[in-house]
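> Sharing a structure below in structure tokens format, with a few things to ask.
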Ligand code: SAH
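Residue numbers (my numbering): 23 to 235.
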């Protein structure tokens with residue numbers, strides 16, 4: 023699959039769409055303008071890749087809607103070079119957006135099929151997260167903690183304690199919380215023991231699942 027002039031044109035339109043929906047962060051918009059989303063999707067959906075919609079990937083999972091990816095990334099408020107942990111690698115699109123923004127990216131996927139597929143894809147495309155593991159996002163990545171920011175890309179019934187403990191002081195956890203639908207929630211670590219919580223509207227994600235193993 024190639025990235026053509028036509029794809030670039032469609033990405034410019036997509037950037038206009040998400041700007042009109044309220045995304046302002048220039049670095050986020052540049053990432054959406056540059057990451058070739060169609061390459062993260064099955065070829066049967068290629069023609070739809072630049073619609074602002076979620077689409078199926080493997081293992082009954084979805085690539086998030088571009089607006090949602092942009093909104094969550096904006097909420098991280100992280101500077102280039104920050105250590106960012108993503109829970110739910112899926113197609114790798116969100117991770118590629120984070121890499122484009124020059125974050126150090128750590129990412130976890132629990133579906134083996136997706137983990138294998140996306141590992142190969144990252145290699146082929148030259149995307150280099152610091153670490154990409156097959157595992158349970160509820161546990162985070164304690165061996166690499168603390169993180170400047172943690173981004174959860176699946177709906178969590180409640181906020182996993184392990185993720186809070188892996189945030190730096192001043193760090194931010196961006197997580198959709200809820201079962202049927204989710205409230206986008208940001209938890210900021212104010213000190214060792216103090217956390218502040220902010221909420222930002224309703225979204226629909228696939229569920230953050232407990233591990234089968
Ligand atoms: N960020 C992805 C979105 C994928 S959808 C993208 O850009 O394409 C959410 C992903 O979270 C799915 O791939 C799902 O398998 C994964 N997931 C669900 N529960 C998980 C868990 N406990 N740990 C890690 N990943 C999980």
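Backbone N, C-alpha and C fix where the C-beta goes; we use that ideal spot for every residue, glycine too.
This structure is a prediction, so every number in the text was calculated from the model and none was measured.
For the region 90-121, which segments carrying the beta strand (DSSP E) assignment without a break, of at least 3 residues, lie completely within its bounds, in sequence order?
105-109
> What do you reckon, are the CB atoms on residue 76 and residue 119 nearer than 8 Å?
no
> At which residues does the alpha helix (DSSP H) containing residue 186 begin and terminate?
183-187
> Restricting to Cα atoms, I'd like to know which of 214, 226 and 136 is closest to residue 188.
Answer by Cα proximity: 214.
> Report the three-state DSSP secondary structure of residue 148 (helix, strand or coil).
coil
> Between the region 122-141 and the region 189-204, are three or more C-beta pairs nearer than 8 Å?
no
> Taking buried to mean at least 16 other C-beta atoms within 10 Å of its own C-beta, is residue 38 buried or exposed?
Exposed: under 16 other Cβ atoms inside 10 Å.
> So, for residue 217: in the same chain, excluding its five sequence neighbours on each side, which residues have a beta-carbon less than 8 Å away from its beta-carbon?
Closer than 8 Å at the Cβ level, and outside the excluded window around residue 217, lie 186, 209, 210 and 211.
> Excluding the 5 residues preceding and the 5 following residue 36 in the sequence, name in chain order all residues of the same chain whose CB lies nearer than 7 Å to its CB.
54, 72, 74 and 88
> Please name the residue in 109, 169 and 24 whose C-alpha comes closest to that of residue 228.
109
> Does DSSP classify residue 173 as helix, strand or coil?
strand
> Alpha carbon to alpha carbon, what distance is there between residue 128 and residue 34?
C-alpha of residue 34 to C-alpha of residue 128: approximately 28 Å in a straight line.
> Cβ-heavy atom distance between residue 180 and ligand 1 below 7 Å?
For residue 180, the CB stays at least 7 Å from every heavy atom of ligand 1.
> Expressed to the nearest angstrom, what Euclidean distance is found between the alpha-carbon atoms of residue 27 and residue 179?
42 Å
> Secondary structure at residue 232, three-state DSSP: helix, strand or coil?
coil
> Looking only at C-alpha atoms, which of 42, 124, 140 and 146 sits nearest to residue 81?
140
> Could you tell me if the beta carbon of residue 73 falls within a distance shorter than 7 Å of some heavy atom in ligand 1?
no
> Terminal residues of the continuous beta strand (DSSP E) containing residue 129?
126-131
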